[in-house]
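So the structure is just underneath, and the comments pick up after that.
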Amino acid sequence: MAIRDIIILPDTQLRLVSKPVEKITSEIRALADDMFETMYDAPGIGLAAIQVAQPLRLITMDLSKKEGEKNPRAFINPEIVSASEELSVYEEGCLSIPEYYEEVERPAKVRVRFMDLDGKIHEEDADGLYATCIQHEIDHLNGVLFVDYLSKLKRDRVMKKFTKAARLAAK
Ligand code: GNR
Ligand code: NI
Numbered sequence: 197m198a199i200r201d202i203i204i205l206p207d208t209q210l211r212l213v214s215k216p217v218e219k220i221t222s223e224i225r226a227l228a229d230d231m232f233e234t235m236y237d238a239p240g241i242g243l244a245a246i247q248v249a250q251p252l253r254l255i256t257m258d259l260s261k262k263e264g265e266k267n268p269r270a271f272i273n274p275e276i277v278s279a280s281e282e283l284s285v286y287e288e289g290c291l292s293i294p295e296y297y298e299e300v301e302r303p304a305k306v307r308v309r310f311m312d313l314d315g316k317i318h319e320e321d322a323d324g325l326y327a328t329c330i331q332h333e334i335d336h337l338n339g340v341l342f343v344d345y346l347s348k349l350k351r352d353r354v355m356k357k358f359t360k361a362a363r364l365a366a367k
């Protein structure tokens, strides 16, 4: 197990469309293990493989609220089967856009289909934070970031801030 580096804006890898996981190999299990460790260390409630520079359709998540309680969940090749017309607003953040938070409106409820690390297929109804988080993570698999839902003014502002920070860090 190892903590991997999380890539941040303006890294263009974040815009890649991730490839389906074809087979649950020992490499995939090792990647998922590292993603859990990286996510808990950050700390974050979800992580997409592309955030550790692996363009694969694999997500880790833990929405448990209580300190010391864990509920690690992995989603392989997840798909939104249906989404509610009802929307909800949640203040989102992203480990690849550190210390930036904005309200995003998304479908309040979604039905999600995915495979777990044992190869078992699940279909679940998600609402609340689960609905928001799974949509945020599936967006990552498609190269989409939550700032894409903001006004051009706000998005340009945050992109510029991170581009400048990277330029200064490289000097
Ligand atoms: O840790 C995270 N918190 C969060 C809060 C609101 C909506 C989405 C998220 S996901 C984020 C971790 C992350 O960047 N996952 O891709
Ligand atoms: Ni994110």
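Residue numbers (my numbering): 197 to 367. By construction, the Cβ of each residue, glycine as well, lies at the ideal position given by its N, Cα and C atoms. Note that the structure is a prediction, hence the values are computed from the model and not measured.
- At a cut-off of 3 residues, the continuous stretches assigned as beta strand (DSSP E) that sit fully inside the region 294-336 are 305-311 and 317-323.
- Between V248 and D230, the C-beta spacing is below 9 Å.
- Secondary structure at E218: coil, using DSSP grouped into helix, strand and coil.
- Judged by beta-carbon spacing, I224 lies beyond the 9 Å limit of L259, meaning their Cβ atoms are not closer than that value.
- Following the DSSP letters along the chain, one finds T256 in no alpha helix (DSSP H) but inside the beta strand (DSSP E) bounded by residues L254 to M257.
- Residues of the same chain with a CB within less than 6 Å of the CB of E282, apart from the 5 flanking positions on each side, are A304 in chain order.
- Taking the Cα positions, A365 is about 35 Å away from K261.
- In this structure, I255 sits near H336, with a CB-CB distance shorter than 9 Å.
- Straight through space, the alpha carbons of E320 and F310 are spaced by roughly 9 Å.
- Spanning the alpha carbons of K350 and A362 requires a straight line of approximately 19 Å.
- Shown here for M197: same chain residues with a beta carbon closer than 7 Å to its own, the five before and five after excluded, namely D229, D230 and E233 in chain order.
- According to the DSSP assignment, F342 belongs to no beta strand (DSSP E), since it is labelled neither H nor E.
- Taken from the Cβ of I293, at least one heavy atom of ligand 2 lies inside 8 Å.
- Ranked by Cα distance from I204, the first of G264, G324, R302 and I246 is I246.
- Residue pairing by DSSP places I203 in no beta bridge whatsoever.
- In the three-state DSSP reduction, I241 falls in the coil class, being neither helix nor strand.
- Membership of L349 in the alpha helix (DSSP H) is indicated by the continuous run K348 to A366.
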